[in-house]
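Asks: Here my numbering runs 159 ahead of the position in the sequence shown, where the first position is 1.
Provided herewith is a single structure, encoded as structure tokens, for subsequent inquiry.
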Amino acid sequence: MSNGVYYSEYLQLDKILNAQTLESDKAGDHAHDEMLFIIIHQSYELWFKQILFEVGSVMEIMSKPNISDNSPDLFTVNHRLNRVITILDVLVQKIDILETMTPLDFLDFRNRLRPASGFQSIQFKVLEAYLGLRMNQRHGKEYYTSQLKPEDKKFIEDTEKTKPLIDLVNEWLERMPFFDEQNLWPDGWNSNTEHPFWKAYQVAYDASLLPAEKNNLHRFETLFLGNEKTTETVLSPRARRAALFILMYRDYPLLQLPFQLINNLLEIDNTLSNWRYRHINMVHRMIGTRTGTGGSTGKDYLQGALNSHYIFKEFAELTSFMIERNKLPKLSAAMSQRLGFDV
Ligand code: HEM
């Protein structure tokens, strides 16, 4: 045998495979399904670690003052976010494995776990904070860090102070150049006058609304045409205009990767909410309406978190302001060329 890397040492299996200590065994009352319960949680935490590694690297790229279209940056961001989505999809399916444990089997050891709970999963909370869930949006925020050790609480609070992915994407969208480039728009436009594209878009959008939807026009004006963002929103009007433009003209080569990025953010919200939904159903089946081991109201708390923890909902809402392709304002030849590959 050669002296190179050795499988079990490289993977440090001595640590991982000796990290399953059953509380029921400690009490001399062995509960068979506790092994499954521990391993499933450990494997979730390992995958959370990988997800944080990917999201952290994406945040590093998005923090650059400028992301050049002529660099691999945006492709890398999308590639890594796609990996995150694939992992999250698998994490949803893994609930099937835990559901082979019946409520009666769970009762054999459940009371020995108090007050430990998924509520104390630091990595899960860090993931939410990295993506952009704010403290004031959290369901049950009074309770949110109360179950944590002081050092974990501080770690989460410090993490929440760093700029999350949603803010970095907002800043990147704000930097989208095209609308400021005078040569791309009809003569006579300058930055002090209303932008001809958005003027035309507003008219086309208004025409697309049913009488019962006319209130949307006012919302469109507030969210897209102002200059200041409101306190309840993360996206600024400038970023929102860029995002809507990307969604509507995504067939142009230069907008394809930006479109994928927005789509990936929505997909992350989608898979995370699928996970929350499956988790709630499992919890309901396992413990009915009993309180959680972490002391929350259990199913009701989790339902509240599902409803209010969509992080990229402002991107999802953009679809309310889309219009049919054949009604879109026509772009000038110069603009069409700007959005294509150089020839
Ligand atoms: C028998 C299976 C499970 C039951 C009965 C259960 C129950 C619960 C309950 C009742 C809560 C609310 C907090 C509390 O009061 O404890 C919770 C939170 C949580 N659980 Fe589970 N859980 C189970 C499995 C899992 C698994 C496999 C994971 C994977 C990591 C997980 C991750 C979490 C997370 C991250 C939270 C916090 C969610 C949030 O604050 O939005 N749980 N769980």
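Even for Gly, the Cβ is constructed at its ideal location relative to N, Cα and C.
#1: Jot down the residue ranges of each uninterrupted alpha helix (DSSP H) in the stretch 195–260, minimum 4 residues, whole runs only, in chain order.
#2: CB-CB under 8 Å to Phe265, same chain, minus the five flanking residues each way: which ones, in chain order?
#3: Spell out a yes or no on whether the stretch 242–251 and the stretch 201–214 are touching, meaning 3 or more CB-CB pairs, one atom from each, closer than 8 Å.
#4: Just to confirm the assignment: which complete alpha helix (DSSP H) runs, minimum length 4, are found wholly within the stretch 291–331?
#5: Going by alpha carbons, who is nearest to Leu327 out of Asn225, Asn270 and Leu414?
#6: With a 10 Å radius around its C-beta and 16 neighbouring C-beta atoms as the bar for buried, classify Met221 as buried or exposed.
#7: Mind checking whether Met194 and Leu176 have CB atoms under 8 Å apart?
#8: Would you please state the rounded distance, in angstroms, between the beta carbons of Val214 and Leu290? I believe it to be under 8 Å.
#9: Between which two residues does the alpha helix (DSSP H) carrying Met445 extend?
#10: Would Met494 and Phe314 be called neighbours here (beta carbons separated by less than 8 Å)?
#11: Within this structure, are the beta carbons of Phe278 and Gln306 separated by less than 8 Å?
#12: Quick check on the DSSP output: the alpha helix (DSSP H) that includes Pro190 runs from which residue to which?
#13: Quick one: what does DSSP say Arg484 is sitting in, helix, strand or coil?
#14: Taking only three categories from DSSP, how would you classify Ser467?
#15: Flag Ala402 as yes when its Cβ comes closer than 7 Å to any non-hydrogen atom of the ligand HEM, and as no otherwise.
#16: Which value, in whole angstroms, describes the spacing of the CA atoms of Tyr302 and Leu324?
#17: Around the C-beta of Thr452, are 16 or more other C-beta atoms found within 10 angstroms, so that it is buried, or is it exposed?
#18: Measuring CB to CB, does Phe480 end up less than 8 Å from Leu403?
#19: Cα separation between Thr478 and His298?
#20: Hey, is the stretch 483–491 in contact with the stretch 359–367, meaning 3+ C-beta pairs nearer than 8 Å?
#21: Apart from the five residues on each side of it in sequence, which residues of its chain come closer than 7 Å, Cβ to Cβ, to Ala359?
#22: Just to confirm, are Leu414 and Asp228 a CB contact at a threshold of 8 Å?
#23: Is it true that the CB of Ser395 sits closer than 8 Å to the CB of Glu333?
#24: Just to confirm the assignment, what range does the alpha helix (DSSP H) spanning His354 have?
#25: Could you say which of Gln179, Pro231 and Leu369 lies nearest to Pro417 if we only look at CA atoms?
#26: Have a look at Trp357 and Gly499 and give me their C-alpha separation to the nearest angstrom.
#27: Hey, how far is the Cα of Ser432 from the Cα of Tyr469?
#28: Would you mind sorting Met407 into buried or exposed? The rule is 16 or more other CB atoms within 10 Å of its CB.
#29: In the DSSP assignment, the alpha helix (DSSP H) including Tyr166 goes from what residue to what residue?
Replies: A quick look at the data gives this:
#1: DSSP runs (the alpha helix (DSSP H)) wholly in the stretch 195–260: 232–252 and 254–257.
#2: Cβ within range, chain order: Asp192, Phe196, Met445 and Ile446.
#3: Contact holds between the stretch 242–251 and the stretch 201–214, because three or more Cβ pairs, one in each stretch, are under 8 Å apart.
#4: The alpha helix (DSSP H) runs of length 4 or more contained entirely in the stretch 291–331 are, from start to end of the chain, 309–320.
#5: Nearest option by C-alpha distance: Asn225.
#6: By the C-beta density criterion, Met221 is buried, having at least 16 other C-beta atoms within 10 angstroms.
#7: It is not a contact, given that the beta carbons lie outside the stated cut-off.
#8: That pair is a contact at about 7 Å.
#9: Taken as a continuous stretch (DSSP letters only), the alpha helix (DSSP H) holding Met445 covers Pro412 to Ile446.
#10: No, they are not a contact pair.
#11: Against a cut-off of 8 Å, the Cβ pair of Gln306 and Phe278 comes out as a contact.
#12: Per the sequence shown, the amino acid found at residue 190 is Ala instead of Pro. Bounds of any alpha helix (DSSP H) do not take in Ala190, whose DSSP letter is neither H nor E.
#13: Look at Arg484 here: in three-state DSSP terms it is helix.
#14: If DSSP states are grouped into helix, strand and coil, Ser467 belongs with the helices.
#15: Not one heavy atom of the ligand HEM lies closer than 7 Å to the C-beta of Ala402.
#16: Their backbone Cα atoms lie some 25 Å apart in a straight line.
#17: Taking all protein chains shown into account, Thr452 has 16 or more neighbouring C-beta atoms within 10 Å of its C-beta and is therefore buried.
#18: The answer is yes: Cβ separation under 8 Å.
#19: Computed Cα separation, rounded: 26 Å.
#20: When C-beta atoms of the stretch 483–491 are compared with those of the stretch 359–367, three or more pairs fall below 8 Å, so the two segments count as touching.
#21: So the qualifying residues of the chain are Pro488.
#22: In this structure, Asp228 does not lie closer than 8 Å to Leu414 by Cβ.
#23: In this structure, Glu333 lies near Ser395, with their beta-carbon atoms less than 8 Å apart.
#24: His354 -> no alpha helix (DSSP H), and no H or E assigned at all.
#25: Comparing Cα-Cα distances from Pro417 to each of Gln179, Pro231 and Leu369, the minimum goes to Pro231.
#26: Whole-angstrom Cα-Cα distance: 21 Å.
#27: The straight-line gap from Cα to Cα measures roughly 7 Å.
#28: Buried is the call here.
#29: Tyr166 -> alpha helix (DSSP H) spans Tyr166 to Tyr169.
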